[in-house]
Amino acid sequence: PIPVILDCDPGHDDAMAILLAVANPAIDLRAVSTVAGNQTVEKTALNARRMLSLAGVTGVPVAAGCDRPLTGTLEVGDYVHGESGLDGPAFGEPDVPLDPRHGVELIHDTLAAADEPVTIVAIGPLTNIATLLRRHPEDRERIREIVIMGGSTERGNHTPYAEFNIVTDPEAAAEVLDSGVPTTWVGLNVSHQALVTPDVLDRISALGTPLARVCVELLTFFGSSYHQAWGFEAPPLHDPITIAYLIDPQVMTYARVGLRIEVEGRYTRGATVADLHSRMDWEPNANVGLILDRDRFWDLMIGAIERLGAP
Ligand code: BDR
Ligand code: CA
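Residues in the sequence shown are numbered from 2 upward in steps of one, following full-length UniProt numbering.
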């Protein structure tokens with residue numbers, strides 16, 4: 002299995018990524034760090050513990066990392082994920098404890114303890130990862146790849162040109178991109194192909210387990226937010242595509258292209274600029290996702306919920 006550290010800000014789609022990561026035997030989830038993004042870092046850490054508890058996984062450490070972006074102030078995604086960051090279902094007290102370490106140090110310790118390079122999957126703002134690379138530049142050699150949900154080859158969501166994870170901390174995203182560690186980017190152009198349509202919800206409901214019911218409640222809340230904020234008929238399940246791609250690279254096609262993060266921009270700060278047609282004379286520096294194989298993706302995601310059963 003692929004050793005993975007998951008850096009996240011749950012978040013409804015992050016919650017589903019956690020389930021996929023713990024359920025699929027191709028992934029060896031070593032640690033979960035959380036970051037401020039969809040909600041405050043305290044809330045995202047609580048939500049990660051809630052999801053691991055629901056999945057019946059108690060052996061994976063969870064720690065809270067950076068509580069704000071490298072520059073500027075935090076603007077949470079409560080208009081999508083609600084006051085708790087995971088609105089919809091009612092949760093009990095999690096039985097997964099909060100690791101006392103700072104999330105960045107949990108990542109560092111996990112990399113140091115591994116006997117092979119570890120893949121980092123980053124599905125929130127990139128503040129923790131940029132901070133890790135600033136504090137522990139030697140850790141670059143211990144990271145196999147960073148798979149990121151962020152940006153788009155097209156337009157944005159939080160602002161017309163910028164996607165939420167990137168615009169929340171554009172400096173962090175630029176530092177990670179320029180760090181020399183290989184990166185693969187799953188942007189909105191890919192995740193908007195993973196819509197939770199009624200047939201998907203029906204398949205999850207049909208599993209009939211308590212976990213499946215929680216998932217349906219989460220996805221229903223998420224769907225109503227997306228409808229309200231952007232008029233979507235069905236919400237895009239962004240984050241789990243990163244994990245699905247690691248499990249089965251055929252889930253998504255990608256191109257190796259020149260990529261830049263707009264950190265200035267009067268109206269476009271946080272935009273990702275992917276030079277898909279080599280107009281800019283940039284050296285290709287990143288793998289950028291293009292087309293999703295929806296059937297493969299949903300089979301993996303729904304299969305994970307099924308496999309976790311009724312813990
Ligand atoms: C990203 O922002 C968050 O709302 C989601 O969890 C996802 O990581 C999509 O723009
Ligand atoms: Ca997220």
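We treat Cβ as the ideally placed atom computed from N, Cα and C, and that holds for glycine.
Since the structure is predicted, the reported quantities are computational estimates derived from the model, not experimental observations.
Straight through space, the alpha carbons of leucine 107 and valine 61 are spaced by roughly 11 angstroms.
Isoleucine 124 sits in coil when the DSSP states are folded into three classes, being neither helix nor strand. With contacts defined by Cβ atoms closer than 8 angstroms, proline 11 and arginine 31 do not form a contacting pair. A distance below 6 angstroms between beta-carbons, with the five flanking residues on each side excluded, links serine 226 to the following residues of its chain, in chain order: Val81. Contact annotation: valine 97 and valine 122 have beta-carbon atoms that are not nearer than 8 angstroms.
Contact between the segment 140–155 and the segment 185–192 is present, with at least three C-beta pairs closer than 8 angstroms.
Relative to the non-hydrogen atoms of ligand 2, the Cβ of aspartate 14 comes within a distance shorter than 7 angstroms of at least one.
Between isoleucine 306 and the set Ala174, Glu172, Ala56 and Ala27, the nearest pair of CA atoms involves Ala56. With distances taken between CA atoms, aspartate 249 lies nearest to Asp300 out of Arg257, Asp300, Trp283 and Thr269. Checking the DSSP bridge columns, you'll see proline 4 partnered with Asp29. Here the distance from the Cβ of asparagine 39 to the nearest heavy atom of ligand 1 is below 7 angstroms.
Taking non-hydrogen atoms of ligand 1 into account, the C-beta of aspartate 240 is found less than 7 angstroms away from one of them.
Going by DSSP, aspartate 300 is part of the alpha helix (DSSP H) stretching over 295–309. For valine 258, the enclosing beta strand (DSSP E) starts and ends at 253–262.
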